[in-house]
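Asker:
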Amino acid sequence: MSFRREFLKSAALLPFAGGALVPGAIRAAPAAPPSRVGGPSLKLSLNAYSFARLLNDRLLGRGDGLSLEQLAEFCARHNFDAIDITAYYFPGYRERTPPPDSFVYAVKRRCFELGLAISGTGTGNNFTTADREARARDVAWVKQGVELAAKLGAPVLRVFADTQMRAQTWETVSQGASRTEVEKWIADDIRACADHGAKHGVIIGVQNHGDFLQTADQVISLLNRIDSPWCGAIVDTGYFKAPDPYAEIARVAPYAVNWQIKQSPLGVEKEAEAPTDLKRLLRIVRDSGYRGYLPIETLSPRGGGNYDPFTVVPKFLAEVRAALAATA
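Residues 17 to 344 (our numbering) make up the sequence shown, in order.
(1) Thinking C-beta only, is Tyr105 closer than 9 Å to Asn63?
(2) Would you identify the three-state DSSP class for Ile42, choosing helix, strand or coil?
(3) Assign Gly81 to one of three DSSP states: helix, strand, or coil.
(4) Closest by CA to Ala177, which one among Arg151, Asn142, Ala208?
(5) Within the same chain, show all residues whose beta-carbon is closer than 7 Å to that of Ser61, passing over the 5 residues directly before and after it, in chain order.
(6) Secondary structure at Leu75, three-state DSSP: helix, strand or coil?
(7) Would you say Asp211 and Asp154 are within 9 Å of each other, going by their C-beta atoms?
(8) Can you check whether the CB of Gly55 is closer than 9 Å to the CB of Leu70?
(9) If I measure Cβ to Cβ from Ile265 and keep anything under 8 Å in the same chain, skipping five residues before and after, which residues do I get?
(10) Which residues in the same chain have their Cβ closer than 8 Å to the Cβ of Ser51, if we skip the five residues on either side of it in sequence?
(11) Would you call Phe67 buried or exposed, if buried means 16 or more other Cβ atoms sit within 10 Å of its Cβ?
(12) Please name the residue, chosen from Val328, Ala133, Cys209, Pro115, that lies closest to Val158 on a Cα-to-Cα basis.
(13) Suppose contacts are defined by Cβ-Cβ distances below 9 Å. Is Lys167 in contact with Asp117 by that definition?
(14) Taking the alpha carbon of Arg174 as the reference point, which residue from Val198, Ala103, Asp303 has its own alpha carbon closest?
(15) Measure the Cβ-Cβ separation of Thr343 and Val328 and say whether it is below 9 Å.
(16) If we count the other Cβ atoms within 10 Å of its Cβ and call it buried at 16 or more, is Ala41 buried or exposed?
(17) Would you kindly check if the distance between the Cβ of Gly221 and the Cβ of Ala249 is under 9 Å?
(18) Tell me, please, which residues DSSP counts as bridged to Tyr3.
(19) For the beta strand (DSSP E) holding Ser135, just list the boundary residues, first then last.
(20) What distance in whole Å lies between the Cβ atoms of Tyr271 and Ile236, which are believed to be in contact at a cut-off of 8 Å?
(21) Measure the C-alpha to C-alpha separation of Val38 and Ile277 and round it to an integer number of angstroms.
(22) Quick check: what's the CA-CA separation for Gln191 versus Phe326?
(23) Given a threshold of 16 other Cβ atoms within 10 Å of its Cβ, counted over all protein chains shown, does Gly131 qualify as buried or as exposed?
(24) Could you give the distance in angstroms between the alpha-carbon of Val198 and the alpha-carbon of Ala269?
(25) Taking only beta-carbon atoms, is Pro107 less than 9 Å away from chain E?
(26) Once you ignore the five residues that flank Arg43 on each side, which residues in its own chain have a CB closer than 6 Å to its CB?
(27) Assign Phe176 to one of three DSSP states: helix, strand, or coil.
(28) What number of angstroms, rounded off, separates the C-alpha of Ser286 from the C-alpha of Arg112?
(29) I'd like the ranges of any beta strand (DSSP E) spanning at least 3 consecutive residues and lying wholly in the stretch 196-231.
(30) Ends of the beta strand (DSSP E) at Ala249?
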């Protein structure tokens with residue numbers, strides 16, 4: 017247990033003058049954002065999920081598709097600084113077995129040859145379910161993801177606090193548990209993953225994904241409860257469910273250990289009518305003092321539709337670069 021958690025536990029028992037407990041004394045102290053110096057420094061990365069269909073086609077033998085090495089070459093041709101290689105596209109992911117080291121290191125070597133950093137990776141998990149054994153299995157799975165990230169040299173592993181089950185929410189899979197109970201489940205599980213991350217030099221990044229984490233207050237509350245220097249926020253700019261998503265982003269930005277820059281703050285369905293105000297977004301990022309990678313992620317429309325990442329990604333990349341230059 018960290019010093020801050022131990023102190024808070026003891027402080028909650030201290031009486032106020034006159035014998036009453038201090039109101040709110042059992043509440044967690046604010047989570048401490050990463051300490052940054054030197055002002056903002058921003059580099060661009062590509063989240064591999066932008067090419068999900070093609071990567072899965074190759075992995076599952078559904079056609080030529082695209083290999084991770086070929087995606088890295090695409091990133092190099094377009095002068096990305098880095099690539100974020102989601103673990104979904106490594107052999108064994110669906111069977112929950114670690115990929116062969118030879119595969120991992122071949123991808124890592126190719127990225128090095130191309131001058132690309134590996135800015136992060138990510139895995140799937142569900143810590144909102146009432147099934148303790150299922151949560152325990154997912155903790156073990158995320159720990160495998162930590163070890164994969166360490167082999168890749170990725171500093172951050174992206175995990176979820178939201179339910180990753182089709183047509184389900186945290187309320188349904190928790191079987192009536194209160195929000196406080198579910199937050200404790202999530203925090204305990206992510207803290208265990210962060211402790212494992214500390215052993216391997218990998219930070220756990222918690223991504224808001226529009227279910228349990230819909231607002232900045234909810235993200236910060238969870239980080240408070242996790243209370244680990246090896247855990248921070250992945251700020252997904254397309255998944256805050258609030259009247260002003262930019263205000264939510266601004267509140268979470270100081271806690272960011274990585275980002276996902278999306279084409280709309282209102283989700284993939286709103287990209288045409290409500291595109292991201294990239295200048296506003298990047299001013300928020302700069303004002304937070306963030307230093308590190310900004311992975312962009314483009315998404316295919318739900319239910320299919322016309323989506324060509326070879327066209328969409330370069331176009332969005334050019335827009336982000338223009339906004340970076342305009343806000344420098």
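Every residue gets a Cβ at the ideal spot worked out from N, C-alpha and C, and that includes glycine.
Answerer: Well, looking at it:
(1) no
(2) Reliability of the predicted coordinates at Ile42 is poor, the pLDDT of 37 falling under 50, and no value is obtained from them.
(3) coil
(4) Asn142
(5) Phe96, Asp97, Ala98, Ile99, Asp100, Ser135, Tyr309, Leu310, Pro311
(6) helix
(7) no
(8) no
(9) Ala232, Val251, Thr253, Phe256, Pro281, Leu297, Ile300
(10) none
(11) buried
(12) Cys209
(13) yes
(14) Ala103
(15) no
(16) The predicted position of Ala41 is uncertain, since its pLDDT is 33 and thus under 50; a value taken from the coordinates is nonetheless stated next. The residue is exposed, with fewer than 16 neighbouring Cβ atoms inside 10 Å.
(17) yes
(18) Since the first residue shown for the chain is 17 and the last is 344, residue 3 is missing from the structure and cannot be characterised.
(19) 133-138
(20) 7 Å
(21) At Val38 the pLDDT is 33, less than 50, meaning the model places this residue with poor confidence and gives no usable figure here.
(22) 43 Å
(23) exposed
(24) 24 Å
(25) No chain E is present in this structure, which holds just one protein chain.
(26) Note that Arg43 scores 39 on pLDDT, short of 50, meaning its location in the model is unreliable; the coordinates nonetheless yield the value given after this. Result list for Arg43: empty, nothing under 6 Å.
(27) strand
(28) Per the sequence shown, residue 286 should be read as Lys rather than Ser. Roughly 34 Å separates the two Cα atoms.
(29) 219-223
(30) 247-252
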